[in-house]
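Structure first, commentary second.
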Amino acid sequence: MTGFTYLGLLLLSIAAIAAVDVRWRLAFRRAPLAASVAVACGTVLLLVWDLVGIGFGVFFRGDSVFATGLLLAPDLPIEEPVFLVFLCQLSLVAVLGVERLLGRRPGATDAGATDAGPTTVAAASDREARA
Numbered sequence: 178m179t180g181f182t183y184l185g186l187l188l189l190s191i192a193a194i195a196a197v198d199v200r201w202r203l204a205f206r207r208a209p210l211a212a213s214v215a216v217a218c219g220t221v222l223l224l225v226w227d228l229v230g231i232g233f234g235v236f237f238r239g240d241s242v243f244a245t246g247l248l249l250a251p252d253l254p255i256e257e258p259v260f261l262v263f264l265c266q267l268s269l270v271a272v273l274g275v276e277r278l279l280g281r282r283p284g285a286t287d288a289g290a291t292d293a294g295p296t297t298v299a300a301a302s303d304r305e306a307r308a
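Per the working numbering, residue 178 is the first one in the sequence shown, and the count goes up by one each step.
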C-alpha cells in the first residue's frame with residue numbers, strides 16, 4: 178500500500194487547496210471556466226516541458242517505495258501530471274489569495290487603477306456586495 182502514498186498525498190493536497198479556494202472564493206468558485214483553463218494550460222505547458230526534458234535525458238524517474246511505479250511514458254510516472262495539476266492549482270490560489278490580502282490593506286484603493294482585469298472587477302464586486 179505504500180506504493181500509493183505519494184499519489185494519495187498529492188490528491189489530498191489538491192483537495193486541501195480546493196477547500197481553501199472554495200472557502201475564500203478565490204478561483205474555481207468565482208470563475209470556474211477561467212480557473213480550469215488556467216490550470217489546464219499550465220499543466221499542459223509543464224507536461225510538455227517534462228517530455229522535452231525526458232527526451233533530452235535531463236529528467237528521469239527515480240525509484241521510490243512511495244510511488245506507484247505506473248508509467249504514462251518512459252520516465253514519466255503517473256504522479257507527474259497529478260503533481261503538475263497541484264502545482265498550477267496552488268499557484269493560482271496563492272496568487273489570487275495574496276492579491277486579495279494586499280487589496281484589503283488599510284489605505285489600499287482601486288482609485289486610479291488602469292487595470293480593469295477580471296480579478297480587479299471581481300474584487301470590486303466583492304467589496305460592493307459586503308457594503
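Ideal Cβ placement from N, Cα and C applies to all residues, glycine included. For clarity, every value in this text was computed on a predicted model and none was experimentally measured.
### Query
From residue 278 to residue 190, what does the alpha carbon distance come to, in whole angstroms?
Translated into positions along the sequence shown, residue 278 becomes position 101. Translated into positions along the sequence shown, residue 190 becomes position 13. CA-to-CA, the gap between residue 278 and residue 190 works out to about 22 Å.
### Task
May I ask you to report which of helix, strand or coil DSSP gives residue 283?
Against the sequence shown, residue 283 aligns to sequence position 106. In this structure, residue 283 counts as coil in the three-state DSSP scheme.
### Query
By a C-beta neighbour count over all protein chains shown, 10 Å radius and 16 as the cutoff for buried, is residue 222 buried or exposed?
Along the sequence shown, one-based indexing puts residue 222 at 45. When all chains shown are included, residue 222 counts as exposed.
### Query
Looking at residue 266 and residue 216, is the spacing between their C-beta atoms short of 7 Å?
Looking up residue 216 in the sequence shown gives position 39. Looking up residue 266 in the sequence shown gives position 89. The Cβ atoms of residue 216 and residue 266 lie closer than 7 Å to each other.
### Query
Going by alpha carbons, who is nearest to residue 259 out of 182, 187, 240 and 179?
To locate residue 259, count along the sequence shown from 1; it is residue 82. It is 187.
### Beta-carbon proximity check, residue 183 vs residue 243, cutoff 7 Å
Here residue 183 refers to the residue found at position 6 when the sequence shown is read from its first residue. Here residue 243 refers to the residue found at position 66 when the sequence shown is read from its first residue. Less than 7 Å divides the Cβ of residue 183 from the Cβ of residue 243.
### Query
Excluding sequence positions up to five away, which residues of its chain have a Cβ less than 7 Å from the Cβ of residue 246?
The residue labelled residue 246 in the question sits at position 69 within the sequence shown. Correct list, in chain order: 180.
### Query
How is residue 251 classed by DSSP in three states: helix, strand or coil?
One-based indexing of the sequence shown puts residue 251 at position 74. Taken through DSSP and simplified to helix, strand or coil, residue 251 comes out as coil.
### Query
Run through DSSP, which three-state label would residue 198 get?
For the purposes of this step, residue 198 is taken as residue 21 along the sequence shown, with counting starting at 1. Helix.
### Task
Taking residue 269 and residue 212 to be in contact with their CB atoms under 8 Å, please state how far apart those CB atoms are, rounded to whole angstroms.
In the sequence shown, the residue the question calls residue 269 occupies position 92. In the sequence shown, the residue the question calls residue 212 occupies position 35. The pair is a contact, with the Cβ atoms about 6 Å apart (cut-off 8 Å).
### Query
With respect to the alpha helix (DSSP H) encompassing residue 240, which residues constitute its N-terminal and C-terminal limits?
Residue 240 sits at position 63 when you count from the first residue of the sequence shown. Careful: residue 240 lies outside any alpha helix (DSSP H) and carries neither H nor E.
### Query
Under 7 Å between the Cβ atoms of residue 203 and residue 273?
Counted from its first residue, the sequence shown places residue 203 at position 26. Counted from its first residue, the sequence shown places residue 273 at position 96. Their beta carbons are under 7 Å apart, which means residue 203 touches residue 273 by this criterion.
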